[in-house]
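Here's the structure, in structure tokens; my notes come after.
Number of protein chains: 2
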Amino acid sequence: MAKEISKPQATSADTGGRRATTARELAKMLGVSQSAVSRAFTPGASIAAPLRERILKFAAEIDYQPNAIASMLSKSRTNIIGIVVSDMRNPFYPALIERLSRALQRIGLQSLLFNIAPGTNLEEQLTALRRYNVDAVIVISATILSGQTLSWATEGRPAILINRVIEDINMSCIACNNSEGASAIAEHFYERGHKRVAYVAGLSHTTTNRERQYGFITRVAELGMTLTSQADAGEYSYEAGRRAALEIIKGKSVDAIFFANDLLAIGGLDALREEGGCRVPEDIAVAGFDDIAMAAWPHYNLTTFSQPIDDIVRVVVEKVGSNTMQLLEQPEIIRLSGELVKRKTTGL
Amino acid sequence: MAKEISKPQATSADTGGRRATTARELAKMLGVSQSAVSRAFTPGASIAAPLRERILKFAAEIDYQPNAIASMLSKSRTNIIGIVVSDMRNPFYPALIERLSRALQRIGLQSLLFNIAPGTNLEEQLTALRRYNVDAVIVISATILSGQTLSWATEGRPAILINRVIEDINMSCIACNNSEGASAIAEHFYERGHKRVAYVAGLSHTTTNRERQYGFITRVAELGMTLTSQADAGEYSYEAGRRAALEIIKGKSVDAIFFANDLLAIGGLDALREEGGCRVPEDIAVAGFDDIAMAAWPHYNLTTFSQPIDDIVRVVVEKVGSNTMQLLEQPEIIRLSGELVKRKTTGL
DNA sequence: TTGAAAGCGTTACCAA
DNA sequence: TTGGTAACGCTTTCAA
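First to last, the sequence lines map onto chains A and B. Residue numbers for the first sequence follow the working numbering, beginning at 6 and rising by one. Residue numbers for the second sequence follow the working numbering, beginning at 6 and rising by one.
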């Protein structure tokens, strides 16, 4: 028995092979020039309203869409932003990427992901970035790539670094005021009466770490507190946080620990309570940095310094969306201010 | 005073404006045809080794790279895979995306992100997907998009759904065996002597939820256990998990709760211990699904059913990398098996 | 405002 | 194996 045919809106010529309709074909069907079709789809182009109407209407009927690739070639503009990432394990990054890509989409820009895996051949991985002619590059990789490699990879394309600051490089950098944030944590510890404090670094050579470390230690000294110990966790992970915390309380007595980011702090927190036999905040206070979603979970309730993700996204999108060239010609270092979020790990 | 010029390896003609060298220019400089240049960069093309050598060497010197956009246009192949996502809050997805995009990169494919925000105009958001001529589409969005919308959005392009199964649609689906996994959880509960069990749904209408729910409930009945209650958390989030857990233990007595995913389970776990006054696993056992990184954290130590992310990625990349057309012509539903991971929330 | 035609930088076919 | 040349599907002058 013949199966019923459920003719799916085959308004026009069948697709045969799956080649899409072109502007030229559409133009011929309508008896107008191909240029007219192009203009119909170009906002602000010089075309009479009725003609545009007619073209757009028919285009919708036969489901015509301009081919973006061809457009890229002739306009030499791709509407694609390259996003260089290397760590999606730290929830801070997915959160940032999610909002960033949505904001970009809203102004017609798509995100092409370049997920750099550590250890492997970086140049090879970045070659693609150079070939795809992206309109701009946003780097969200706190680590791994040297400024030199980045310059090479972006090769004269507008680029902007998030959460990392490199001086004397022809790209803009945008970061929160790490050092002030860390100062604020130190002050908060001080106000709560903690005298002997410790600092746990993530990757010690990263600029975020250096700034947070500097801000914290400096303020600690200014306030006359004692920096009992410092640990270098070696990476920004939960497990590293656990290890560092246990190491810090071993022998020495400490009132408060500031971890370079929330993921470390959360690991440390669990370890202190479960293996270290400490009560937090009664025996020891804990603070982190970033304000990831988990920090607000009732179980952790972690005091932290909140990164202004929305502001970062807003500024980045603004820069990338408009005067991309300015990113090249006048690279600037933009500092956005976060805010101290006091929660239970430093209070009662 | 004049600033010193730091001539940055200007091996060849200065870039003036930042227009890249073209194959034609390169060819002229070398006195060969432009076709030769193209062939030099095409593996397996018919070109004499010495000529290729000469071209590649010179290309490297002047830093020439073939323009991928032009290549896309003439080959009508973009080497770009569209990745449709809608939730990066659940750590399962970033973990998947990270491995997926890296695996794709390894075979020369880049990932173009389409981050669909719920609530807003879907068609508008997906129009870009249709215009960019991606070679294939990978959908990692458990929810939001109807099969119909997806068909429209992919319009005859090879597509593959991860973690979601839609029958009678011309795209392949790949998912773990949710129903068996849920059965395994039920059996595990049974073996540990739990009689009164509960189920917490995420989004109840999603296929993952339906399959897990069905698998669990069915096995529970077969084993003669009692399904004390079911809750619909309404979303796959930590907070929803908390709420659902507290609701479930209110009044009724329950031995074990199976949450539709880990994020819910973790929220539930914290709530049970901290607000519900329950000991886990002594008073009540808890299990989740997915095996996200947090499930293995010592603090949670959550029993769960592990999704075979690596297998999923392997199969998807295989499909997408080779016979993309087969995805269209012979869509299949692929089930990959995960494994039960017994941890402390169901044991001692 | 409209149409014709010249690019955009490749790939691919056809001769040589 | 090589070079010449026609696509690829759009944008953008240049005339009309």
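Cβ coordinates follow ideal geometry from the N, Cα and C atoms, glycine included.
- Residues of the segment 46 to 78 of chain A whose Cβ lies closer than 8 Å to any Cβ of chain B, in chain order: D68, Q70, P71, N72, A73, I74, A75, M77 and L78.
- M93, R94, P96, Y98, P99, A100, I102, E103, S106, R107, Q110, G113, Q115, S116, L117 and L118: these are the residues of the segment 93 to 118 of chain A whose beta carbon lies less than 8 Å from some beta carbon of chain B, given in chain order.
- DSSP places R201 of chain A in the uninterrupted beta strand (DSSP E) bounded by R201 to A206.
- Three or more Cβ pairs closer than 8 Å define a contact, and the segment 266 to 280 of chain B meets that threshold against the segment 293 to 311 of chain B.
- Under DSSP, L117 of chain A shares a beta bridge with A:G87 and B:L117.
- Out of A:I254, A:P163 and A:A292, the CA that lies nearest to the CA of Q335 of chain A is found in A:P163.
- If the five residues before and after F97 of chain A are omitted, its C-beta is found closer than 6 Å to the C-beta atoms of D295 and I297, all from its own chain and listed in chain order.
- Note: R340 of chain B is bridge-paired with B:A180 in the DSSP secondary-structure output.
- C-alpha of L78 of chain A to C-alpha of R135 of chain B: approximately 17 Å in a straight line.
- Counting the other Cβ atoms within 10 Å of the Cβ of A226 of chain B gives fewer than 16, which makes it exposed.
- Between the segment 182 to 198 of chain B and the segment 249 to 265 of chain B, the count of Cβ pairs shorter than 8 Å is three or higher; the stretches touch.
- Your pair G273 of chain A and V259 of chain A does not check out as a contact, with CB atoms roughly 11 Å apart and the cut at 8 Å.
- Only F119, N120, A122, Q130, T132, A133, R135, R136, Y137 and N138 from the segment 119 to 139 of chain A bring a Cβ to less than 8 Å from some Cβ of chain B.
- Nearest C-alpha to S327 of chain B among B:R24, B:I112, B:L105 and B:R57: B:I112.
- Relative to E58 of chain B, the option among B:T223, B:S51, B:V37 and B:A45 whose CA is nearest is B:A45.
- DSSP places I165 of chain B in the uninterrupted beta strand (DSSP E) bounded by A164 to I167.
- The continuous beta strand (DSSP E) containing D237 of chain B extends over residues T231 to D237.
- When beta bridges are read from the DSSP output, L345 of chain A appears opposite A:F310.
- Distances from the alpha-carbon of T211 of chain A to those of A:A180, A:R197, A:E196 and A:K62 put A:A180 closest.
- By the CB criterion at 8 Å, I289 of chain A and Y243 of chain A fall outside the cutoff.
- Scanning the segment 281 to 305 of chain B from its first residue to its last, the whole beta strand (DSSP E) runs of 3-plus residues come out as 290 to 292.
- Residue pairing of A65 of chain A in beta bridges, as defined by DSSP: absent, with no partner found.
- Nearest CB-CB separation between E279 of chain B and chain A: below the 8 Å threshold.
- Under the three-state reduction of DSSP output, F194 of chain B falls in the helix class.
- The alpha carbon of A65 of chain B has as its nearest neighbour, out of A:T132, A:R197 and A:H304, the alpha carbon of A:T132.
- Looking at B:P55, B:I67, B:V142 and B:Q153, the one whose alpha-carbon comes closest to that of T26 of chain B is B:I67.
- When A:Q70, A:E172, A:Y69 and A:R82 are compared, the shortest CA-CA separation from A75 of chain B is found for A:R82.
- Of the other Cβ atoms in all chains shown, 16 or more fall within 10 Å of the Cβ of P286 of chain B; this residue is therefore buried.
- F46 of chain A sits in coil when the DSSP states are folded into three classes, being neither helix nor strand.
- The C-alpha of Q70 of chain A lies about 19 Å from the C-alpha of A54 of chain A.
- Excluding sequence positions up to five before and after T233 of chain A, its CB lies within less than 7 Å of the CB of R201, V202, A203, K257 and V259, all in the same chain and listed in chain order.
- Chain-ordered listing is empty here: chain B has no CB closer than 8 Å to the CB of T26 of chain A, the nearest sitting near 11 Å.
- Judged by beta-carbon spacing, A206 of chain A lies beyond the 8 Å limit of A158 of chain A, meaning their Cβ atoms are not closer than that value.
- Interface annotation, T309 of chain B: not in contact with chain A, CB-CB separation never under 8 Å.
- Taken through DSSP and simplified to helix, strand or coil, I222 of chain B comes out as helix.
- Bounds of any alpha helix (DSSP H) do not take in I262 of chain B; it lies within the beta strand (DSSP E) bounded by A261 to F264.
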